[in-house]
Amino acid sequence: AQTVTQSQPEMSVQEAETVTLSCTYDTSESNYYLFWYKQPPSRQMILVIRQEAYKQQNATENRFSVNFQKAAKSFSLKISDSQLGDTAMYFCAFMNPAAGNKLTFGGGTRVLVKP
Amino acid sequence: GAGVSQSPRYKVAKRGQDVALRCDPISGHVSLFWYQQALGQGPEFLTYFQNEAQLDKSGLPSDRFFAERPEGSVSTLKIQRTQQEDSAVYLCASISYGPVYEQYFGPGTRLTVT
């Protein structure tokens, strides 16, 4: 069974600065997908960024980028130029397409962006 | 609608009551997922449908939990004889396939069992 671990329960960052969230996972699969989801206080889960395991290039989406280290089974998220609207819970998630596409989530990291 | 919708948004049930939670997925999405999110934790998988077929129900915590999707679109998660430990947010998601594999989530239903 896959497990996903987020070791930082809470992070705070000043507006316009950079914060990095860590995520490690455990799997014996070679083909899988990794995701970062954002969950604001309103509760709607929103996809931030996605990484296919077969791609060596790290994914980027505007101010969001990942550092994917497949051998180390590490998948960190960097938020650059933090904005007040980035305040939310962030969840790292793993998906194995061969196992029905269900997501396995980490415990989450609460990010607070301070003005 | 444009996104996944869930109803009710909030539900308070007395212990022992039955509840039914509804999910309307994005039109055309074949697969639908239910997750349970306890307070302060990450969501946990409950069950998964492809069209009307329930392909995986390994995450359902007990036989008091039952899910259905009879016509391959709307899904209902039913919890019988609710217990306090059932209090959580229940999230529904539907998926668009390849090459994105992105799950789109609804706003959730917050169930409080008193």
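Sequence order for the protein chains is A and B.
Take the first sequence: its position 69, counted from the start at 1, is 303 in the numbering used here, and no numbers get skipped.
Take the second sequence: its position 78, counted from the start at 1, is 429 in the numbering used here, and no numbers get skipped.
Heads up, the beta-carbon is just placed ideally off N, CA and C, and yes, glycines get one too.
B:Gly459 burial status per 10 Å Cβ neighbour count (16 or more: buried): Taking the first residue of the second sequence as position 1, residue 459 of chain B is located at position 108. Buried.
C-alpha distance - A:Val253 paired with A:Arg284, whole-angstrom precision: The residue you call residue 253 of chain A lines up with position 19 of the first sequence. The residue you call residue 284 of chain A lines up with position 50 of the first sequence. About 18 Å.
B:Leu411, DSSP secondary structure in three states: The count along the second sequence starts at 1 and reaches residue 411 of chain B at position 60. Coil.
Straight-line Cα distance separating A:Leu255 from B:Asp407: Counting from 1 along the second sequence, the entry for residue 407 of chain B is found at position 56. Counting from 1 along the first sequence, the entry for residue 255 of chain A is found at position 21. Computed Cα separation, rounded: 31 Å.
Of the residues A:Gln248, A:Val238, A:Tyr267 and A:Gln278, the one placed nearest A:Gly334, counting alpha carbons only: Position 100 of the first sequence, counted from the first residue, corresponds to residue 334 of chain A. Among A:Gln248, A:Val238, A:Tyr267 and A:Gln278, the Cα nearest to that of A:Gly334 is on A:Tyr267.
Continuous beta strand (DSSP E) stretch holding B:Thr460: start and end: As a working mapping, residue 460 of chain B is identified with position 109 in the second sequence. B:Thr460 -> beta strand (DSSP E) spans Thr460 to Val464.
CB contact check: B:Glu422 to chain A, cutoff 8 Å: If you number the second sequence from 1, residue 422 of chain B lands on position 71. It does not; no Cβ of chain A falls within 8 Å.
Alpha carbon of B:Gln357 to alpha carbon of A:Ser262, nearest angstrom: Taking the second sequence and counting its residues from 1, the one referred to as residue 357 of chain B is at position 6. Taking the first sequence and counting its residues from 1, the one referred to as residue 262 of chain A is at position 28. Taking the straight line joining both Cα atoms gives about 35 Å.
Residue range of the unbroken beta strand (DSSP E) whose run includes A:Ala332: Along the first sequence, one-based indexing puts residue 332 of chain A at 98. Per DSSP, A:Ala332 belongs to no beta strand (DSSP E) and is neither H nor E.
Proximity of B:Gly410 and B:Phe400 at Cβ, strictly below 8 Å: Counted from its first residue, the second sequence places residue 410 of chain B at position 59. Counted from its first residue, the second sequence places residue 400 of chain B at position 49. Their beta carbons are not under 8 Å apart, which means B:Gly410 does not touch B:Phe400 by this criterion.
C-alpha gap between A:Ser241 and A:Cys257, whole angstroms: Your numbering for residue 241 of chain A matches position 7 in the first sequence. Your numbering for residue 257 of chain A matches position 23 in the first sequence. Near 7 Å, if we compare the C-alpha coordinates of A:Cys257 and A:Ser241.
Spatial distance of A:Tyr288 from A:Ala332 (CA atoms): For the purposes of this step, residue 288 of chain A is identified with residue 54 of the first sequence, where counting begins at 1. For the purposes of this step, residue 332 of chain A is identified with residue 98 of the first sequence, where counting begins at 1. Looking at the two C-alpha atoms, the distance is approximately 14 Å.
Terminal residues of the beta strand (DSSP E) in which A:Asn301 lies: Position 67 of the first sequence holds residue 301 of chain A. Its beta strand (DSSP E) spans residues Phe298 to Gln303.
A:Thr343 versus A:Asp320 - alpha carbon distance: Against the first sequence, residue 343 of chain A aligns to sequence position 109. Against the first sequence, residue 320 of chain A aligns to sequence position 86. Each residue's alpha carbon lies about 12 Å from the other.
Coarse secondary structure for A:Glu263, derived from DSSP in three states: As a working note, residue 263 of chain A is residue 29 in the first sequence. Coil at A:Glu263, not helix or strand.
Cβ of B:Tyr441 within 8 Å of any chain A Cβ: By 1-based counting over the second sequence, the position of residue 441 of chain B is 90. No, B:Tyr441 does not count as interfacial toward chain A.
Test item: CB-CB of B:Pro348 and B:Leu442 under 8 Å: No answer is possible for residue 348 of chain B: the residues shown for chain B start at 352 and end at 465.
Interface residues of chain B facing A:Lys272 [CB-CB closer than 9 Å]: Position 38 of the first sequence, counted from the start, is the residue given in the question as residue 272 of chain A. By Cβ distance, chain B contributes nothing, its closest Cβ being about 11 Å from A:Lys272, past 9 Å.
Interface positions of the stretch 301–333 of chain A facing chain B (Cβ-Cβ less than 7 Å), listed along the chain: Phe325, Met329 and Pro331
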